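To start, the structure itself, in structure tokens.
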Amino acid sequence: MAAEAIVNIGVLATMDEGEGLMGLRRDGAVVIDDGRIAWVGASSNAPAADASFDAGGAAVIPGFVDSHTHAVFAGDRAAEFDARMSGARYTAGGIRSTVAATRGASTEELTSRTQHLLDEALRQGTTTAEIKSGYGLDVATERRLLEVAARFTEETTFLGAHVVAPEMADRRGEYVDLVAGPMLRAAAPLARWIDVFCEEGAFDVDETRRILAAGRAAGLGLRLHANQLTMSGAAALGVELGTASIDHCTFLSDTDVDALAASDTVATFVPGAEFSTRQPYPGVERLRDAGATWAIASDCNPGSSYTTSMPFCIALAVREMGMTPGEAIRAATLGGARALRRDDVGRIAVGARADLVLLDAPDPVHLAYRPGVPLVSRVWRDGQAATRWTKRVA
Ligand code: NIG
Ligand code: FE
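Sequential numbering from 11 applies to the sequence shown in our numbering.
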């Protein structure tokens, strides 16, 4: 593969070495070779390469790392959203209507819908995406959803513990046995991670502990939906078990914040869910003061956050959660990488994957300053200009 130099970058946000939280370099250049970043420095010193791309003084940032999506599903829940915007409350129960639509969809339909969502995400600068199962809730469908997810990403997550399957509503103990037993055995070869929705209306702390322990024994990494609707013991459990990330974190106690700050667990915020469920937005002040690490993800799903747009989530995080633009952009790139325990994405550094986003803007701050405007003008994924999502080659 020929080396390409991207030169004349007005502001390069490396998230690595450079000024401030975003690791800024002015008048920068990047050389990419064989899908990786080979050189980062001043445009005037850029080494010769086989090809050159002139950024025209625009900003370049790392591709977004969306560490939390539920991108394999069928149907939509526009009517449920409409009712919520007229005052109805969001509950975990809506998940079941997506389960019915998803079980009835063919694998081809699910694949083409997921392709469509990921192409949409890519156009908005996402280059790494995690995808969960969780709308199957029986052994065959959960496995099928993970097969679809694995066609698109290496970051696949088994979420059989999303809610209790409707046909087993009055046998929840049996459902937990199924998830921690046969369903996990069918899912584990296709999944990198296991996740549980630990919440009122979904699974309690004891059930969650048991399912995550089974997932760990099967070789999976741990993640957790925690403290989305209530200030439960989920966040504390996530930190105790050393989950890579606890996601949502809409309601955190001071003890949760301190525990997070003293741990390797990342707090992943999903402001699209607050937007779409009309819940209060969590603030980041306590996490900042305590020194905790946080990420932003889309939570793309048809119930609580039907968006693929990381720029939208960044704008919400800045306006509604008290993040500075630099904190939000870092959380959507390097933060997501940390939540997935990856060091090859989320930053522009020698050896990292050449996942880069050229903005139609002179400064990355425009991502929050100009909300709703399509500012992503070009995306490189593994060193190639990309317009269609494909699974990465290792
Ligand atoms: O992350 N919280 C649980 N799961 C999704 C919502 C799923 C749904 O409502 O369909 C979430 O918000
Ligand atoms: Fe989620």
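Beta carbons: idealized from backbone N, C-alpha and C, even for Gly.
Predicted model only: the values in this text are computed from it and were never measured.
Hey, would you say the C-beta of Asp-353 is under 8 Å away from at least one heavy atom of the ligand FE?
-> Within the sequence shown, numbered from 1, the residue matching residue 353 stands at position 343. No, the Cβ of Asp-353 stays beyond 8 Å of every heavy atom of the ligand FE.
For Val-249, which three-state DSSP category applies?
-> Taking the first residue of the sequence shown as position 1, residue 249 is located at position 239. Correct three-state label for Val-249: helix.
What three-state label does DSSP hand Asp-257 in the structure shown?
-> Sequence index remark: in the sequence shown, residue 257 carries index 247 (1-based). Strand, per DSSP.
From Arg-161, Ser-308, Gly-332 and Ala-395, pick the residue whose C-alpha is nearest to that of Gly-293; which is it?
-> Residue numbering aside, residue 293 sits at position 283 when the sequence shown is read from its first letter. Checked all of Arg-161, Ser-308, Gly-332 and Ala-395; the closest Cα to Gly-293 is Gly-332.
Looking only at C-alpha atoms, which of Leu-247, Leu-368 and Ala-69 sits nearest to Asp-205?
-> Counting from 1 along the sequence shown, the entry for residue 205 is found at position 195. If we check each option's Cα against that of Asp-205, Leu-247 comes out closest.
By how many angstroms is the C-alpha of Ala-150 removed from the C-alpha of Ala-300?
-> For the purposes of this step, residue 300 is identified with residue 290 of the sequence shown, where counting begins at 1. For the purposes of this step, residue 150 is identified with residue 140 of the sequence shown, where counting begins at 1. Their Cα atoms are separated by approximately 44 Å.
Expressed to the nearest angstrom, what Euclidean distance is found between the alpha-carbon atoms of Val-249 and Glu-14?
-> To locate residue 249, count along the sequence shown from 1; it is residue 239. To locate residue 14, count along the sequence shown from 1; it is residue 4. Approximately 42 Å between the Cα atoms of the pair.
Please go through the same chain and pick out, in chain order, the residues whose beta-carbon is closer than 6 Å to the beta-carbon of Ala-371, but skip the five residues on each side of it.
-> Here residue 371 refers to the residue found at position 361 when the sequence shown is read from its first residue. Closer than 6 Å at Cβ, skipping near neighbours: Ala-69 and Leu-385.
Report whether the distance from the Cβ of Ser-319 to the nearest heavy atom of the ligand NIG is below 8 Å.
-> Here residue 319 refers to the residue found at position 309 of the sequence shown. No, Cβ of Ser-319 sits at least 8 Å from all heavy atoms of the ligand NIG.
Could you say which of Leu-22, Gly-38, Leu-34 and Ile-42 lies nearest to Ala-364 if we only look at CA atoms?
-> The sequence position of residue 364 within the sequence shown is 354, counting from 1. Closest by alpha carbon: Ile-42.
When you compare each of Gly-225, Arg-161, Ala-224 and Gly-104 to Gly-211 by their alpha carbons, which one comes out closest?
-> Here the question's residue 211 lines up with position 201 in the sequence shown. Taking only the C-alpha atoms, the option nearest Gly-211 is Gly-104.
Output the distance between the C-alpha atoms of Gly-28 and Gly-170, rounded to the nearest integer angstrom.
-> Start at 1 with the first residue of the sequence shown, and residue 28 comes out as number 18. Start at 1 with the first residue of the sequence shown, and residue 170 comes out as number 160. So the alpha carbons of these two residues sit roughly 42 Å apart.
Would you mind working out which of Ser-315, Gly-33 and Ala-12 sits nearest Pro-374, comparing C-alpha positions?
-> For the purposes of this step, residue 374 is identified with residue 364 of the sequence shown, where counting begins at 1. Here the closest residue by C-alpha is Gly-33.
Out of Leu-127, Ile-16 and Ala-269, point me to the one whose CA is closest to Tyr-6's CA.
-> It is not possible to answer for residue 6, since the shown part of the chain is limited to 11 through 404.
Between the C-alpha atoms of Gly-393 and Ile-16, what's the straight-line distance to the nearest angstrom?
-> Here the question's residue 393 lines up with position 383 in the sequence shown. Here the question's residue 16 lines up with position 6 in the sequence shown. C-alpha separation (whole angstroms): 11 Å.
From Gly-252 to Thr-79, what does the alpha carbon distance come to, in whole angstroms?
-> What you label residue 252 is simply residue 242 of the sequence shown in a count that begins at 1. What you label residue 79 is simply residue 69 of the sequence shown in a count that begins at 1. Using only the alpha carbons, I get a separation of about 21 Å.
Report the option in Tyr-379, Gly-20 and Gly-114 whose CA atom is closest to the CA atom of Asp-64.
-> Within the sequence shown, the letter at position 54 stands for residue 64. Here the closest residue by C-alpha is Gly-20.
Can you tell me which of the three DSSP states Asn-55 falls into?
-> Residue numbering aside, residue 55 sits at position 45 when the sequence shown is read from its first letter. Asn-55: helix per DSSP, three-state reduction.
Grab me the residues of Ser-263's own chain with a C-beta within less than 7 Å of its C-beta, minus the 5 sequence neighbours each way, in chain order.
-> On the sequence shown, residue 263 is found 253 positions in, with the first residue counted as 1. Excluding sequence neighbours, Ser-263 sits near Met-241.
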